[in-house]
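*Asks:* In order, the protein sequences belong to chains A and B. Each residue of the first sequence is one higher than the one before, counting from 1 in the UniProt record's numbering. Each residue of the second sequence is one higher than the one before, counting from 1 in the UniProt record's numbering.
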Amino acid sequence: MPETAEPAAPPSAPRGRLTPKSITIWTLVGLVGAAGWAMLALSRGEEVSAAWMVAAALGSYAIAYRFYSRFIATRVLRADKNRATPAERLDNGVDFHPTDRRVLLGHHFAAIAGAGPLVGPVLAAQMGYLPGTIWIIVGVIFAGAVQDMVTLFFSMRRDGKSLGQMARDEIGPVGGAAALIAVFAIMIILLAVLALVVVNALAGSPWGTFSIAMTIPIAFLMGFYLRVLRPGRVTEVSVIGVALLLVAIVAGNWVAESSWADTFTLSPGALVIWLVVYGFVASVLPVWVLLAPRDYLSTFMKIGTITLLALGVVIALPNMKMDAVTDFASRGDGPVFAGSLFPFVFITIACGALSGFHALVSSGTTPKMIQKETQVRMIGYGSMLMESFVAVMAMVAACIIDPGLYFAMNAPAGVIGDSVQSASEAVANLGYSITPDQLAAAAKAVEEESLLSRTGGAPTLAVGMSEIFSQVVGGHGMKAFWYHFAIMFEALFILTTVDAGTRVGRFMLQDMLGNVYKPFKNVSWKPGLWFASAVVVGAWGYFLWVGVHDPLGGIYQLFPLFGIANQLLAAVALAVATTLLIKSGRLKWAWITAIPLGWDVAVTLTASWQKIFSEDPKIGFFAQRDVYAQAIDDGKVLAPAKNMDDMHTVVTNCTVDGVLSALFAVLIILVLADATRVCVKAIRNPAETRLDEAPYVESRYVAPAELWPTAEEKAELAEAGLGSEGGLRKESAGAGSSS
Amino acid sequence: MNRPASVRGSAARFRRFWRELSGEAVYDRYVEHARKHDPCAEVLSRREFERQRTDAREADPREGFRCC
Numbered sequence: 001m002p003e004t005a006e007p008a009a010p011p012s013a014p015r016g017r018l019t020p021k022s023i024t025i026w027t028l029v030g031l032v033g034a035a036g037w038a039m040l041a042l043s044r045g046e047e048v049s050a051a052w053m054v055a056a057a058l059g060s061y062a063i064a065y066r067f068y069s070r071f072i073a074t075r076v077l078r079a080d081k082n083r084a085t086p087a088e089r090l091d092n093g094v095d096f097h098p099t100d101r102r103v104l105l106g107h108h109f110a111a112i113a114g115a116g117p118l119v120g121p122v123l124a125a126q127m128g129y130l131p132g133t134i135w136i137i138v139g140v141i142f143a144g145a146v147q148d149m150v151t152l153f154f155s156m157r158r159d160g161k162s163l164g165q166m167a168r169d170e171i172g173p174v175g176g177a178a179a180l181i182a183v184f185a186i187m188i189i190l191l192a193v194l195a196l197v198v199v200n201a202l203a204g205s206p207w208g209t210f211s212i213a214m215t216i217p218i219a220f221l222m223g224f225y226l227r228v229l230r231p232g233r234v235t236e237v238s239v240i241g242v243a244l245l246l247v248a249i250v251a252g253n254w255v256a257e258s259s260w261a262d263t264f265t266l267s268p269g270a271l272v273i274w275l276v277v278y279g280f281v282a283s284v285l286p287v288w289v290l291l292a293p294r295d296y297l298s299t300f301m302k303i304g305t306i307t308l309l310a311l312g313v314v315i316a317l318p319n320m321k322m323d324a325v326t327d328f329a330s331r332g333d334g335p336v337f338a339g340s341l342f343p344f345v346f347i348t349i350a351c352g353a354l355s356g357f358h359a360l361v362s363s364g365t366t367p368k369m370i371q372k373e374t375q376v377r378m379i380g381y382g383s384m385l386m387e388s389f390v391a392v393m394a395m396v397a398a399c400i401i402d403p404g405l406y407f408a409m410n411a412p413a414g415v416i417g418d419s420v421q422s423a424s425e426a427v428a429n430l431g432y433s434i435t436p437d438q439l440a441a442a443a444k445a446v447e448e449e450s451l452l453s454r455t456g457g458a459p460t461l462a463v464g465m466s467e468i469f470s471q472v473v474g475g476h477g478m479k480a481f482w483y484h485f486a487i488m489f490e491a492l493f494i495l496t497t498v499d500a501g502t503r504v505g506r507f508m509l510q511d512m513l514g515n516v517y518k519p520f521k522n523v524s525w526k527p528g529l530w531f532a533s534a535v536v537v538g539a540w541g542y543f544l545w546v547g548v549h550d551p552l553g554g555i556y557q558l559f560p561l562f563g564i565a566n567q568l569l570a571a572v573a574l575a576v577a578t579t580l581l582i583k584s585g586r587l588k589w590a591w592i593t594a595i596p597l598g599w600d601v602a603v604t605l606t607a608s609w610q611k612i613f614s615e616d617p618k619i620g621f622f623a624q625r626d627v628y629a630q631a632i633d634d635g636k637v638l639a640p641a642k643n644m645d646d647m648h649t650v651v652t653n654c655t656v657d658g659v660l661s662a663l664f665a666v667l668i669i670l671v672l673a674d675a676t677r678v679c680v681k682a683i684r685n686p687a688e689t690r691l692d693e694a695p696y697v698e699s700r701y702v703a704p705a706e707l708w709p710t711a712e713e714k715a716e717l718a719e720a721g722l723g724s725e726g727g728l729r730k731e732s733a734g735a736g737s738s739s
Numbered sequence: 001m002n003r004p005a006s007v008r009g010s011a012a013r014f015r016r017f018w019r020e021l022s023g024e025a026v027y028d029r030y031v032e033h034a035r036k037h038d039p040c041a042e043v044l045s046r047r048e049f050e051r052q053r054t055d056a057r058e059a060d061p062r063e064g065f066r067c068c
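1. Are the stretch 365 to 373 of chain A and the stretch 78 to 88 of chain A in contact at 8 Å, needing three or more beta carbon pairs?
2. Alpha carbons only, please: which of ASP437(A), HIS108(A), VAL48(A) is nearest the one belonging to SER362(A)?
3. So that I know if they touch, is there some Cβ in chain A lying closer than 9 Å to that of ALA11(B)?
4. Let me know if ARG57(B) comes out buried or exposed under the rule of 16 or more other beta-carbons within 10 Å of its beta-carbon.
5. Could you tell me whether the stretch 313 to 324 of chain A touches the stretch 521 to 529 of chain A, where touching means 3 or more Cβ pairs closer than 8 Å?
6. Answer yes or no: does any C-beta atom of chain A fall closer than 9 Å to that of PHE49(B)?
7. Would you kindly work out how many angstroms separate the C-alpha atoms of ARG78(A) and TYR278(A), rounded to a whole number?
8. How about SER22(B): is its C-beta nearer than 9 Å to some C-beta of chain A?
9. Please classify ASN685(A): is it buried, with 16 or more other beta-carbons within 10 angstroms of its beta-carbon, or exposed?
10. Can you list, in chain order, the residues of its chain with a C-beta nearer than 7 Å to that of ALA573(A)? Leave out the 5 residues immediately preceding and following it.
11. Which word fits TYR517(A), buried or exposed, when buried means at least 16 other C-beta atoms lie within 10 angstroms of its C-beta?
12. Can you find a CB in chain B that lies within less than 9 Å of the CB of VAL94(A)?
13. CB-CB under 7 Å to ARG626(A), same chain, minus the five flanking residues each way: which ones, in chain order?
14. Just the chain A side, please: which residues come within less than 8 Å of GLU63(B) by C-beta, in chain order?
15. Could one say the Cβ of residue 748(A) lies closer than 9 Å to chain B's Cβ atoms, at least one of them?
16. So MET127(A) is in the alpha helix (DSSP H); what residue range does that whole segment cover?
17. Would you kindly report the start and end of the unbroken alpha helix (DSSP H) that includes LEU77(A)?
18. Tell me which same chain residues have a C-beta within less than 8 Å of the C-beta of residue 84(B), skipping the five on either side of it?
19. Can you look up ASN319(A) in the DSSP assignment and give me helix, strand or coil?
20. According to DSSP, is VAL702(A) helix, strand or coil?
21. Exposed or buried, which one is GLN126(A) when buried takes at least 16 other CB atoms within 10 Å?
22. Tell me the DSSP bridge mates of VAL48(A)?
23. Using a Cβ-Cβ distance under 9 Å, would GLY232(A) count as near chain B?
24. Start and end of the alpha helix (DSSP H) containing ASP55(B)?
25. So with Cβ pairs under 9 Å, would you call SER524(A) a contact of chain B?
26. Take ALA443(A) and list the residues in its own chain whose beta-carbon comes closer than 6 Å to its own, dropping the five residues that flank it on each side.
27. Looking at the C-beta of GLY501(A), does it have a partner C-beta in chain B at a distance below 9 Å?
28. Mind pulling the chain A residues with CB within less than 8 Å of PHE14(B)?
29. Looking only at C-alpha atoms, which of ILE434(A), VAL138(A), ALA113(A), ASP327(A) sits nearest to SER383(A)?
30. Is TRP288(A) close to chain B, meaning its C-beta is less than 9 Å from at least one C-beta of that chain?
31. Could you pull the DSSP bridge partners for ARG83(A) from this structure?
32. Are there three or more Cβ pairs, one per stretch, closer than 8 Å when the stretch 539 to 550 of chain A is compared with the stretch 399 to 408 of chain A?
33. Taking only beta-carbon atoms, is ALA34(B) less than 9 Å away from chain A?
34. Give me the residue from THR374(A), VAL313(A), GLY352(A), ALA428(A) with the minimum Cα distance to PHE142(A).
35. Pull up the CB-CB distance for ILE306(A) and VAL390(A), whole angstroms please, since I reckon it's below 8 Å.
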């Protein structure tokens with residue numbers, strides 16, 4: 001059941017009564033959004049300008065932020081500006097510290113934005129731009145941003161406890177353990193899928209491979225600079241790093257045209273080995289050598305590129321060539337991922353609409369830094385809206401390129417074949433058209449040997465971005481540079497995630513193994529560290545290797561698993577949030593998180609069910625396994641497998657993927673059952689319900705709740721003698737202050 | 001008349017904002033925090049402080065983890 005409540009109905013706003021002026025403004029905003037939606041939904045057969053997508057998104061976000069998020073913050077969560085936050089109470093100048101809300105918004109956004117919102121929408125574009133866009137925008141408003149804000153709020157009320165801890169404390173050991181295993185399993189799949197995206201982008205591309213390889217010495221240099229030469233001078237070293245990075249992108253072109261080209265032209269298999277070795281070495285090296293400098297580099301590149309993309313889309317306002325809804329949406333036989341619109345669009349676009357991973361960020365660092373409870377709205381809800389806008393732009397980038405090229409790039413090699421002629425025919429079979437010459441020209445324009453079957457989303461996004469950027473700066477001649485710039489930026493932060501994620505996985509594994517063999521608990525015990533790192537790298541390396549060699553296409557097979565896993569984590573976060581709403585006596589408002597939870601569970605379990613039990617071998621892993629196993633018994637080779645080895649690979653992969661789908665489904669049911677038990681108990685016996693909340697302490701901190709202070713807040717700040725960043729009210733001034 | 005002053009003012013504000021954003025202000029904050037409680041407290045040198053801060057991520061890599 002999709003959202004039934006009408007959010008636009010504003011709550012009887014407690015303070016900000018609607019003046020005629022604000023009614024006029026919000027009506028206009030609503031009209032802009034409505035016009036955008038109308039143009040997107042109603043136009044048939046002609047190209048629609050991306051401007052309408054931007055209008056629909058921004059109009060909807062504005063209304064949702066103004067009315068729905070305000071309603072949740074004031075009525076449901078009852079964020080209290082007079083209650084001291086952990087940052088104020090426990091201020092130690094380091095991890096607990098009240099941080100300027102604008103700075104914290106930046107940090108929080110940088111922590112939640114990654115490759116996810118850029119990849120998912122590109123893949124979902126196979127069903128046309130409309131289904132994906134609706135889910136990105138509606139999903140973020142009612143599910144994703146709500147999850148982020150509510151998790152942030154509850155973690156803040158618990159001194160910044162992590163999601164896992166909250167699950168254990170508030171639900172119980174079973175739910176907690178299930179959540180822990182879920183996070184670990186998701187981490188492995190996540191790393192494998194992200195690494196697979198990099199492999200698909202860099203295989204056979206000396207330009208890209210060289211530029212990415214150069215990021216390692218650049219990071220070494222930066223690490224040395226920060227450690228030895230000038231500790232803490234982040235801006236200096238980042239400027240140097242970004243400049244060197246741009247040189248590396250340009251130099252990639254020279255290398256690709258020189259005699260070194262062969263050295264940097266790697267097969268997918270070779271890239272897997274390099275990535276696995278890199279993942280292991282990077283994760284056992286000290287943080288300062290590679291991880292810390294790369295983190296700075298990728299953060300600056302990420303924020304910079306996302307800003308560029310937003311500006312590019314708004315300035316160039318390109319037309320979308322993809323259909324609004326393609327036939328694959330209902331037939332469920334699309335080449336990018338199998339299955340029909342429900343549920344598979346909703347798990348393919350995970351980040352950008354609803355991402356469980358954000359709950360890990362929202363419960364941890366950010367709640368320890370927040371100045372005022374009332375700021376959860378701007379930081380939790382607001383930054384998730386920004387993330388959603390990134391996803392909308394990724395959708396734009398995927399839909400402005402020729403659909404024929406889109407399918408030639410995103411269908412697995414088994415479908416497309418290995419020549420532009422076979423690709424052209426395959427695309428025609430899918431119902432689109434592109435000539436072999438056009439395919440060759442598209443590859444030539446970005447100076448790649450071939451763009452065929454560059455699955456995973458990153459290359460498609462890079463082509464779309466190069467199209468947009470080159471319309472704004474540099475024209476056709478700059479296309480190749482922009483393409484490799486985009487590839488570099490994605491690969492850079494995916495590799496940073498591979499390093500950081502391996503460390504997190506290792507940490508969790510050490511913790512678990514520590515229960516069996518004590519020394520593992522000591523995270524700096526070298527043999528344990530190496531062993532756990534090797535296990536984690538081996539685990540994602542296995543899926544990566546399998547993904548690269550799967551005749552059916554790694555992204556085609558693995559991406560749905562990744563989506564299911566991420567949505568499973570969202571279910572855990574929403575279950576914890578719903579439980580907490582009920583336990584804190586807000587049963588009346590529990591639908592705020594319960595409806596998105598119900599939707600998310602319906603999506604995830606339907607997808608798992610189909611992946612496990614569907615009799616269509618394209619969708620069901622075990623049905624697929626049976627078909628291939630039967631063929632092996634009959635001594636036949638089924639396309640796209642080329643020989644008996646391929647056939648056995650398919651059988652093994654289907655089994656592993658099917659078992660994982662089942663594991664995820666069992667975990668989600670466990671968490672839900674345990675949460676339901678706790679909720680029922682709390683509803684039956686509210687008196688005995690115990691909340692783990694930190695005690696109330698009166699706040700002496702003055703800071704605005706939103707980006708721009710209201711007149712009232714300005715007066716309060718002026719009275720306390722503080723700037724717009726806020727600060728502690730002086731002891732003596734406290735007596736006469738009004739609130 | 002007072003335009004140069006206001007330009008300088010916003011430049012200073014931007015600088016402070018940027019240093020917070022990039023994390024360069026963390027050390028100053030630490031010193032300020034330590035001195036507030038005890039004006040003659042011994043504080044770490046910037047080098048030492050930054051080293052400890054980076055190495056703390058070693059101990060628990062979940063701090064500062066970024067999303068997909």
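Glycine is no exception: its CB is placed at the ideal position from the N, C-alpha and C atoms. Keep in mind it's a predicted model, so treat the numbers as computed, not measured.
*Replies:* Checking against the coordinates, here is how it stands:
1. In the pairwise beta carbon analysis, the stretch 365 to 373 of chain A is classified as touching the stretch 78 to 88 of chain A: at least three pairs are separated by under 8 Å.
2. Residue HIS108(A) is the option with its Cα nearest to SER362(A).
3. No, because no Cβ of chain A sits closer than 9 Å to the Cβ of ALA11(B).
4. Flag for ARG57(B) reads buried.
5. The stretch 313 to 324 of chain A vs the stretch 521 to 529 of chain A: no contact.
6. Cβ-Cβ to chain A under 9 Å: yes for PHE49(B).
7. Looking at the backbone, the Cα of ARG78(A) and that of TYR278(A) are separated by about 47 Å.
8. For SER22(B), the answer is yes, since a Cβ of chain A falls inside 9 Å of its Cβ.
9. Classification of ASN685(A): exposed, given that the 10 Å Cβ count is below 16.
10. Closer than 7 Å at Cβ, skipping near neighbours: GLN147, THR151, LEU163, GLY356, ALA359.
11. Counting the other CB atoms within 10 Å of its CB gives TYR517(A) a total below 16, which places it among the exposed residues.
12. At least one chain B Cβ lies under 9 Å of VAL94(A).
13. Here residue 626(A) is Asp; the residue named in the question, Arg, does not match the sequence. Scanning its chain for C-beta atoms nearer than 7 Å, with the 5 sequence neighbours on each side dropped, one finds no residue around ASP626(A).
14. By Cβ distance, chain A contributes ASP95, GLY364, THR365.
15. With chain A running from 1 to 739 in the structure shown, residue 748(A) is simply not present.
16. In the DSSP assignment, MET127(A) falls outside any alpha helix (DSSP H), carrying neither H nor E.
17. Here LEU77(A) belongs to no alpha helix (DSSP H), and DSSP marks it neither H nor E.
18. Since the first residue shown for chain B is 1 and the last is 68, residue 84(B) is missing from the structure and cannot be characterised.
19. It is a strand residue.
20. If DSSP states are grouped into helix, strand and coil, VAL702(A) belongs with the strands.
21. Buried, by the Cβ-count rule.
22. DSSP lists MET320(A) as partners of VAL48(A).
23. Judged by the 9 Å Cβ criterion, GLY232(A) is in contact with chain B.
24. First-last of the alpha helix (DSSP H) with ASP55(B): 46 to 59.
25. Yes, its Cβ sits closer than 9 Å to a Cβ of chain B.
26. Within the same chain, SER450, LEU451 come within 6 Å of ALA443(A) by CB-CB distance, once the 5 residues on both sides are set aside.
27. True, the Cβ-Cβ gap to chain B drops below 9 Å.
28. Within chain A, no C-beta atom comes less than 8 Å from the C-beta of PHE14(B); the nearest is roughly 11 Å away.
29. The shortest C-alpha to C-alpha distance from SER383(A) to any of ILE434(A), VAL138(A), ALA113(A), ASP327(A) is the one to ALA113(A).
30. Residue contact check for TRP288(A) against chain B: a CB pair falls below 9 Å.
31. DSSP lists GLU698(A) as the beta-bridge partner residues of ARG83(A).
32. Judged by pairs of C-beta atoms under 8 Å, the stretch 539 to 550 of chain A does not touch the stretch 399 to 408 of chain A, as fewer than three such pairs exist.
33. For ALA34(B), the closest Cβ of chain A is nearer than 9 Å.
34. Looking at the Cα atoms, GLY352(A) is the closest of the given residues.
35. The Cβ separation is near 6 Å, so the contact holds.
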